[in-house]
Structures are given as structure tokens and as C-alpha cells.
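Trainee:
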Amino acid sequence: MSLAPFVPSPVSVVDKMLELADLKPGETVYDLGCGDGRIVIAAAQKYGAKAVGVELDEGRYQNCVRRVKEAGLDDMVKIVHSDITQMSVREADAVTLYLLESANQRLRPILERDLRPGARVVSHDFPILAWKTARTEKVKEGRSWFGTHTIYLYKR
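Just so we're aligned: the sequence shown equals residues 704 to 859 in our numbering.
1) Should G850 go down as buried or exposed, given a rule of 16 or more other Cβ atoms within 10 Å for buried?
2) Exposed or buried, what is D786 when buried is set at 16 or more other beta-carbons lying within 10 Å of its beta-carbon?
3) Would you call G756 buried or exposed, if buried means 16 or more other Cβ atoms sit within 10 Å of its Cβ?
4) Measuring only the C-alpha atoms, how far is K843 from H852?
5) Quick one: what does DSSP say A745 is sitting in, helix, strand or coil?
6) Take D817 and list the residues in its own chain whose beta-carbon comes closer than 8 angstroms to its own, dropping the five residues that flank it on each side.
7) What's the gap between the Cα of L803 and the Cα of D778?
8) With distances taken Cα to Cα, identify the nearest neighbour of A754 among R741, Q765, Q808.
9) So D734 is in the beta strand (DSSP E); what residue range does that whole segment cover?
10) Taking the beta strand (DSSP E) that V780 falls in, what are its first and last residues?
11) Give a yes or no on whether the C-beta atoms belonging to Y857 and H827 are separated by under 7 angstroms.
12) What separation, rounded to the nearest whole angstrom, lies between the Cα atoms of T799 and I831?
13) Return the residue from the list E815, F829, A746, V732 that minimises the CA-CA distance to A806.
14) Run through the segment 799-832 for me and flag every whole beta strand (DSSP E) of 3 or more residues, listed as ranges in chain order.
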């Protein structure tokens with residue numbers, strides 16, 4: 704069951720999400736609902752992070768696997784074909800999300816259970832209710848009000 708429609712994050716938003724995640728080389732970032740893999744690929748290329756993308760849709764999963772292979776990142780990026788509500792994120796230093804608010808609420812107990820102190824969660828446009836944000840950033844994309852994105856950073 705899909706928890707959000709596939710809407711790719713603009714590159715400027717991906718860059719800001721990863722900047723806020725404050726990734727260090729060798730840390731592990733999970734992108735839950737990784738779509739086309741742009742976040743996990745950028746995390747590996749720009750930050751030297753290990754990355755795990757989780758995607759339920761078969762076509763998007765196959766596309767991600769292909770893109771990771773084409774980028775030569777097989778040793779740094781793993782794409783998992785799975786339902787994100789059935790995943791553990793215990794290994795994550797950071798988690799990125801671009802899901803609906805209702806999906807974030809479904810994932811909240813998993814994140815609370817699995818994430819260790821110091822882990823960061825970065826959500827694009829949709830907050831995690833009942834969590835206190837460590838930082839909120841606006842990213843302007845395009846010329847209209849519709850082109851403004853909000854990035855929420857949470858720290859465990």
C-alpha cells in the first residue's frame with residue numbers, strides 16, 4: 704500500500720535535506736519511499752555516506768537499482784524492495800522522508816523504537832506531529848508560492 708504519491712523532490716530540496724541531515728562520511732542514511740533514488744545517490748556522492756533506499760513500487764525499485772548501478776555506487780547504496788512500515792531503521796544515523804503527514808504518523812512509532820540518540824530525521828513538506836523540530840528551513844523553487852518547500856529537521 705502506497706503511503707504517498709510519487710513526486711520527486713527538486714535537487715535544491717534534496718541538497719537542503721542532506722545539508723540539514725549533517726551527514727558524515729561512513730554514516731548511514733535511510734530514505735523511506737526513495738522514489739527514483741535521487742536522495743540516496745546524492746548522499747553517497749556528495750557526503751560519502753552509506754545509503755539505503757526503501758521502495759515498495761516495483762517499477763521505481765527497478766529504476767533505482769539501475770540508477771545506482773549506472774552511478775557506480777553499488778558498494779555504497781543499497782535499494783530494498785519493501786513496505787517501509789515493515790522495515791527497521793536501527794542502523795540509520797539519519798532518515799529522510801517525503802511522505803504525507805498521515806504516513807509520517809504511521810512511521811513515528813518505528814522511528815521512536817529504532818533510532819538511537821543523535822539520529823536525525825529530515826522530512827520534506829510534511830511534519831511529524833508531536834515531535835519538536837530542531838530546525839525548519841524554507842526552500843524556494845520556481846517563481847510562485849507553490850514553489851516554496853519546507854524542510855523539517857528532528858533530532859532524537
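In this text, a Cβ means the ideal position worked out from N, Cα and C, and glycines have one as well.
Mentor: Straight from the coordinates:
1) exposed
2) exposed
3) buried
4) 6 angstroms
5) helix
6) S791, V792, R793, A795
7) 31 angstroms
8) R741
9) 731-735
10) 780-784
11) no
12) 12 angstroms
13) F829
14) 823-827
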